[in-house]
Amino acid sequence: MITTLLIANRGEIACRVMRTAKALGIRTVAVHSAIDRNARHVREADIAVDLGGAKPAESYLLVDKLIAAAKASGAQAIHPGYGFLSENAGFARAIADAGLIFLGPPATAIDAMGSKSAAKALMEAAGVPLVPGYHGEAQDLETFRTAAERIGYPVLLKAAAGGGGKGMKVVERESELAEALASAQREAQSAFGDSRMLVEKYVLKPRHVEIQVFADSHGNCLYLNERDCSIQRRHQKVVEEAPAPGLSPEIRKAMGESAVRAAQAIGYVGAGTVEFLLDERGDFFFMEMNTRLQVEHPVTEAITGLDLVAWQIRVARGEALPITQEQVPLIGHAIEVRLYAEDPDQDFLPASGRLALYREANAGPGRRVDSGVAEGDEVSPFYDPMLAKLIAWGENREEARQRLLAMLDETAVGGFKTNLAFLRRVLAHPAFAEAELDTGFIARHQEQLLPAPTALPPAFWQVAGEAFRQGEAERVRGDDPHSPWSRNSGWRAGLPSETDLHLACGDERQVVRLRGTAASPIQLKGEQITLEQDGLRRQHLAIRRGENLYLEWNGELRSVTRVDPIEEVEASHAHHGGLTAPMNGSIVRVLVEAGQKVEAGTALVVLEAMKMEHSIRAPHDGVVKALYCTEGELVNEGTALVELEEA
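The working numbering numbers the first residue of the sequence shown as -8 and each following residue consecutively.
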C-alpha cells in the first residue's frame, strides 16, 4: 500500500512525479537543500523535508538523510526521479533494508547495468546485438591497440563506469590512441572514480534510437515503442522524438524484442530504457541500459496515451502490467526539446540567477510543458541547468514540429541566457524538417545553428524605444523627478516634440530619437508590439519586468535596458580617470577642488540640460587631479570636466 510518496529529487521531474501521485490520491513529500527551500517542487508538495547543505553531495546524495526523511514523513515509498541516486544500487538496497518501497528496478539489475563492460557481456549472452569491441579487464595500452586493430578504425573509447560524454573519445588512427586513452582514463577517474575503459567500433553517421521497456514482478515485460534521440551535443540529448522517423515496423519489432530480452536477462522490474545505435543499413547495436525513467519519457506518453509514472506506482504496488504487447498504442508523433539555462554563444556555459521573466507556452491540445521553475525563482549553479521540457504531439511529424515551433515562440525567459533560440533554429532547419537525423547533426550544421553575432538593425532599436515610451510613460514620470527619464517628451520651438532614449542590449548601445507628433508605424498593445514596414505588419513579444524590456526579434528574446548616459560615460572613462559631459548643457555647480580626496559616488559637478540637473559622480575613490570647467560655463557632449586619479 502506498499512500505517501517521497520524491528524492528536485526540479521538473519532482513536479512531474507529484502531478501523477496527486491524481492517484497519494500524498507527496519533497526533499530540498538549503538553497531550494522555496523551490517549485517544495511549494507543490504536501510535506517538505529540509536536507540542508547546498551542493548535491551535501543534500540530494545523502542516502541516510533521505531514508530518515521518508520515515519522518510517513512515506512508504521513494521515487528517485533521474540523475542523483536514481541508478545507485546502494540507494535501492538501503531503501529495501529500511522496509520501504523503491520505485525502480531491483538493486541487482542496477548492478548488472552499472558497468558497461559487464552489461555488454550479459547482453552478448542474451543474444542482443553488440557493436564490435573490447570490454575486458586488461587496461594496458597494448591490449587496446590490439583490440582497435581487430575492430578497425575509427574506434570509440568509453568509460566503463559512466556516461554523459565523460571519458569518451573518438580515435581516427593508431597514432592517436595512446594520448586519447590516457586522456579518457583521466576524465573517467575524475568523473566516476573509475578509470576503466572499453573500446568499440565507431559507427559513422549513427542514429541514437532507444526502446522504452516496462516489466512487472509477475514475469511480464513489454516495449512501448521507440524514441529517436539523435540530435545531441557532446553526447547530451537536445531533441527527442517518437516514433523514430522512417523506422520500419520490422526493425521496430526486432529492436523492441531485443530490448525485452535485455531486460529479462537481468530480472528487470519497472521502467527502463535500452539504448541502441542504428546505422544507415538498418543494423542496430546495444549501447547501454538506463535503469530509471528517462528525461524524454513524455514523448512515449504522448504517442501511447499512457502515464508511465502511474505504471511505476502500480508495479511498485505489486500489480501486473495493464496491457499486453499487442495492445500497445502508437498514435501520431511527438517531439520534445529541453530548455536549459545556458549560453550557446559561450560554448553553452551554464547560467544561473533569478528568473526575472518566465512565460510558458499556451496550453492546448497536443501541447505539454514539464517545468520545475516559476517566475521569480532562483536558478542555482549547483544543479542541472534544465528549466523545462516542451513537448508537442501531432497526427504526423510535421504537425508536431510546427506545433513545437509555435510553443517556442510563445515561451519567454528573462534574467539570464537560455538555449531557446538555438532550439528554434534546430527545429526550423530544413535538414531536421526532412528528418535527416544522426548524432553528427549539430556539428554538421553548426554555422546555421550557432551563427556569429551580428549588430542589431535600426528597426530593432526603434521598436524598443517605442515599447518603452508607449508602455511606461506614467510609471517613468513618477519614478524620479531628477532623472532624464522623468519627462515623457521633449519640446523645441517650431519643431516636433522629440525624446532621446539611451538604450543598451548586451554590449550594444544606441540613442533612439522618438518624434511625438507623427503617427508611429509601431504600436504597443499589451505585451505585443506591431511594426508596419514595407507593407508588412509583424508582431513582436514585448514584456516589461522592472527596468528591463524583453523584446522578441528574429526568434530570439533580447533584454533591453534604458541607460543613464551620465553613468555610462563615467563607467567608460573610469579606466583613465576622465569624466566628460554626457550631453550638451551648462555647469551649475562645481562641488570639489583640485587636490581634494573623494569617495566613490561623491557628486563632483552638477550639469543642467533640458531643464534637469545631472550629477557627475566619482566612479571610484580617488583624488581630483584637475578641473576643466567653471560654474555657468556651457559645455558640449563629450567635453572633459574632471580628471580623477585613483587613490
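Where is the CB? At the ideal position from N, CA and C, for every residue including glycine.
Taking the alpha-carbon positions, what's the Lys196 to Leu418 distance? Looking at the two C-alpha atoms, the distance is approximately 19 Å.
Restricting to Cα atoms, I'd like to know which of Val633, Thr552, Glu547 and Val626 is closest to Gly586. Minimum Cα distance to Gly586 is reached at Val633.
Close beta carbons around Leu348, own chain, < 7 Å, minus the five adjacent residues each side: So the qualifying residues of the chain are Glu366, Ala403, Val404, Gly405, Gly406, Ile534, Arg536 and Tyr541.
If you check the beta carbons only, do Asn216 and Leu297 fall under 8 Å apart? The answer is no: Cβ separation not under 8 Å.
Member of Ile222, Glu287, Leu299 and Gln316 whose CA lies at the smallest distance from the CA of Val251: Distances from the alpha-carbon of Val251 to those of Ile222, Glu287, Leu299 and Gln316 put Gln316 closest.
Which whole-angstrom value describes the C-beta separation of Leu148 and Met188, a residue pair presumed to lie in contact below a C-beta threshold of 8 Å? Leu148 to Met188, Cβ: 5 Å. Contact.
For Val290 and Ser362, the rounded distance between their alpha carbons: One C-alpha to the other measures close to 15 Å.
Looking at the secondary structure, which residues open and close the beta strand (DSSP E) in which Lys46 lies? Run containing Lys46: none; DSSP gives neither H nor E here.
In whole angstroms, what separates the C-alpha of Leu179 from that of Asp368? Here residue 179 is Ala; the residue named in the question, Leu, does not match the sequence. Straight across, the Cα-Cα distance linking Ala179 with Asp368 is about 34 Å.
In angstroms, rounded to a whole number, what distance separates the CA positions of Ser181 and Ala151? So the two alpha carbons sit approximately 13 Å from each other.
Between which residues of its own chain and Leu396 is the CB-CB distance below 6 Å, once the five residues before and five after are set aside? For Leu396, where only same-chain residues beyond five positions count, the Cβ hits under 6 Å are Leu418.
If you follow the alpha helix (DSSP H) that Met280 is in, where does it begin and where does it stop? For Met280, there is no enclosing alpha helix (DSSP H); the residue is found in the beta strand (DSSP E) stretching over Phe275 to Asn281.
For Gln227, which three-state DSSP category applies? In this structure, Gln227 counts as strand in the three-state DSSP scheme.
Proximal residues to Gln530 (C-beta, below 6 Å), its chain only, five neighbours per side dropped: In chain order, Gln519 and Thr521 place their CB closer than 6 Å to the CB of Gln530, counting only its own chain and leaving out the 5 sequence neighbours on each side.
Does DSSP put Gly81 in a helix, a strand or coil? Gly81 falls in the helix class under three-state DSSP.
In or out: Thr(-6) buried (at least 16 other Cβ within 10 Å) or exposed? It counts as exposed.
Going by beta-carbon coordinates alone, are Ile294 and Ala233 separated by less than 8 Å? It is a contact, given that the beta carbons lie within the stated cut-off.
Val615: first and last residue of the uninterrupted beta strand (DSSP E) it sits in: Gly613 to Leu618 is the span of the beta strand (DSSP E), which, as asked, contains Val615.
Environment of His226 [buried if 16+ CB atoms lie within 10 Å]: Counting the other Cβ atoms within 10 Å of the Cβ of His226 gives fewer than 16, which makes it exposed.
According to DSSP, simplified to helix, strand and coil, what is Val551? In this structure, DSSP gives Val551 an extended state, which the three-state scheme calls strand.
Using 8 Å as the limit for Cβ to Cβ distance, is Asn627 near chain C? The chain labelled as chain C is not found in the depicted structure, where only one protein chain is given.
Measuring CA to CA, which of Ala138, Asp102 and Val190 is closest to Gly158? Comparing Cα-Cα distances from Gly158 to each of Ala138, Asp102 and Val190, the minimum goes to Val190.
In whole angstroms, give me the CA-to-CA distance for Tyr144 and Leu238. Within the model, the alpha-carbon separation for Tyr144 versus Leu238 is close to 28 Å.
Does DSSP put Met377 in a helix, in a strand, or in coil? Secondary structure of Met377 (DSSP, three-state): strand.
Alpha carbon to alpha carbon, how far is Gln437 from Ala495? Give it in angstroms, no decimals. One C-alpha to the other measures close to 28 Å.
Val146: buried (16+ other C-beta within 10 angstroms of its C-beta) or exposed? Under this definition Val146 is a buried residue.
On the three-state DSSP scale, how would you describe Glu201? The answer is strand: DSSP assigns Glu201 an E or B state.
Rounded distance between the beta-carbons of Val626 and Gly569, thought under 8 Å: Incorrect: roughly 14 Å between the Cβ atoms, too far for contact.
Nearest to Ile58 by alpha carbon, out of Leu378, Ala89, Lys46 and Glu140? Nearest neighbour of Ile58 by Cα position, chosen from Leu378, Ala89, Lys46 and Glu140, turns out to be Ala89.
Are the beta-carbon atoms belonging to Ala61 and Leu91 less than 8 Å from one another? Contact flag set, yes.
Using only alpha-carbon positions, find the residue among Ala262, Arg272 and Ser174 that is nearest to Asn211. With distances taken between Cα atoms, Asn211 lies closest to Ala262.
Report yes or no: do three or more beta-carbon pairs, one from the segment 31 to 41 and one from the segment -1 to 9, lie closer than 8 Å? Between the segment 31 to 41 and the segment -1 to 9, the count of Cβ pairs shorter than 8 Å is three or higher; the stretches touch.
I'd like the list of long-range same chain contacts for Val300, defined as Cβ closer than 6 Å, with 5 residues on each side in sequence excluded. In the same chain as Val300, and ignoring 5 residues on each side of it, the C-beta atoms closer than 6 Å to its own belong to Val8 and Thr11, in chain order.
Rounded to the nearest angstrom, what separates Val161 and Phe339 at their Cα positions? The C-alpha of Phe339 is placed about 21 Å away from the C-alpha of Val161.
If you measure between the beta carbons of Gly258 and Pro71, is that distance less than 8 Å? For the 8 Å CB-CB criterion, Gly258 and Pro71 do not form a contact.
Is it right to say Thr282 is buried, meaning 16 or more other beta carbons lie within 10 angstroms of its own, or is it exposed? Around the beta carbon of Thr282, 16 or more other beta carbons lie within 10 angstroms, which makes this residue buried.
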